[in-house]
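Residue numbers for the sequence shown, in mature numbering (1 follows the signal peptide of the UniProt record, and there is no 0): -22 to -1, 1 to 237. Glycine included, C-beta positions come from ideal geometry on N, C-alpha and C. Beneath this line is the structure, given in structure tokens, with notes to follow.
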Amino acid sequence: LAWSLGIATTLALVGSALLAQAAATTVLRPVQRLGDAARKLGEGKLDTRLVVSGTDELADLSRTFNRTAGSLEKKVADMSAREEASRRFVADMSHELRTPLTAITAVAEVLEDEADTLDPMIAPAVHLVVSETRRLNDLVENLMEVTRFDAGTARLVLDTVDVADQVTACIDARAWLDAVNLDAERGMMVRLDPRRLDVILANLIGNALKHGGSPVDVRVRTEGEELVIEVRDHGPGIPEDVLPHVFDRFYKASASRPR
């Protein structure tokens, strides 16, 4: 009797263990699938969906996941479409402006050459037209540069240069030597794109002078294998709530400030 009772107890325990394992598998497997789907969604696989069956809480949770994933995929697709439309608009506008702007630039240069022979009342207006035409031309070129980077067709023209010489040339070319305190040791040879470095420096220093006044401090140094160029002004600074947007395209801090 004791032997039979022991066998019965053992069988009951084994049966209970098997039932518990089956129940755990039934519960854990959907949870594991849900976890795997959430991980894939977090990795950017926005088309991830779960096969849902049943009416329990896990099934409801899986349906909620599918609805959330679908909504997220649609929002990202809409954002991508708007960004693509914006890029196409900028590219088309730049190309459309370039042809008439080339003709305007040619006429402006002829007028500039003859400015000294014009009526003194007209000469300042001619110089203004020439200056604004060049500024507009630079704007169009910058927009086209943006479209090339967006399309992945931009190419860096690299050269090994003395960074101090490059920074000095940028400042000197714009007659900023009296307004900028430069701290840069010569001999720091770096491989970079000189033209694009000039554009970046001109934007940073020009913006600092415009909104912070002179003097502007520019410091060039190396940190390990990295080159660091600091541009510091003495103005009021950028508001804290604006800082997250400083690299957003075409963003400006307030409607009263120019871009």
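1) Can you tell me whether V198 is helix, strand or coil according to DSSP?
2) Can you grab the Cα-Cα spacing for the pair H73 / T95, in whole Å?
3) How is the alpha helix (DSSP H) around T146 delimited, first residue to last?
4) Could you compute how far the alpha carbon of A93 sits from the alpha carbon of I82?
5) Using a Cβ-Cβ cutoff of less than 6 Å, which residues in the same chain neighbour A15 once the five nearest sequence positions on both sides are dropped?
6) Give me whichever residues DSSP pairs with M167 in a beta bridge.
7) Apply the 10 Å Cβ neighbour rule to S40 and answer buried if 16 or more other Cβ atoms are within range, or exposed otherwise.
8) Per DSSP, what are the beta-bridge partners of D161 in this structure?
9) Could you tell me the alpha carbon to alpha carbon distance between R113 and D219, rounded to whole angstroms?
10) Return the chain-ordered list of same chain residues with a C-beta closer than 7 Å to the C-beta of V158, the five sequence neighbours on each side being excluded.
11) Tell me where the beta strand (DSSP E) around R210 begins and ends.
12) Would you mind working out which of R152, L160 and A142 sits nearest V168, comparing C-alpha positions?
13) What separation, rounded to the nearest whole angstrom, lies between the Cα atoms of T80 and L89?
Here's the rundown:
1) Counted from its first residue, the sequence shown places residue 198 at position 220. V198: strand per DSSP, three-state reduction.
2) Walking along the sequence shown from the start, residue 73 turns up at place 95. Walking along the sequence shown from the start, residue 95 turns up at place 117. Their Cα atoms are separated by approximately 35 Å.
3) Against the sequence shown, residue 146 aligns to sequence position 168. From DSSP, the alpha helix (DSSP H) with T146 extends over V141 to A151.
4) In the sequence shown, the residue the question calls residue 93 occupies position 115. In the sequence shown, the residue the question calls residue 82 occupies position 104. Each residue's Cα considered, the two are about 16 Å apart.
5) Translated into the one-based positions of the sequence shown, residue 15 becomes position 37. Closer than 6 Å at Cβ, skipping near neighbours: T26 and L28.
6) As a working mapping, residue 167 is identified with position 189 in the sequence shown. Answer by DSSP bridge pairing, in chain order: D140.
7) Counting from 1 along the sequence shown, the entry for residue 40 is found at position 62. Buried: at least 16 other Cβ atoms inside 10 Å.
8) In the sequence shown, the residue the question calls residue 161 occupies position 183. Note: D161 sits in a beta bridge opposite R197.
9) Looking up residue 113 in the sequence shown gives position 135. Looking up residue 219 in the sequence shown gives position 241. Rounded to whole angstroms, R113 to D219 spans 30 Å at the Cα level.
10) If you number the sequence shown from 1, residue 158 lands on position 180. Only I149, I183, P193, V194 and V196 meet the Cβ criterion.
11) Working through the sequence shown from its first residue, we reach residue 210 at position 232. Per DSSP, R210 belongs to the beta strand (DSSP E) from E204 to R210.
12) Start at 1 with the first residue of the sequence shown, and residue 168 comes out as number 190. Nearest of R152, L160 and A142 to V168, Cα basis: A142.
13) Stepping through the sequence shown from its first residue, residue 80 is reached at position 102. Stepping through the sequence shown from its first residue, residue 89 is reached at position 111. Their backbone Cα atoms lie some 14 Å apart in a straight line.
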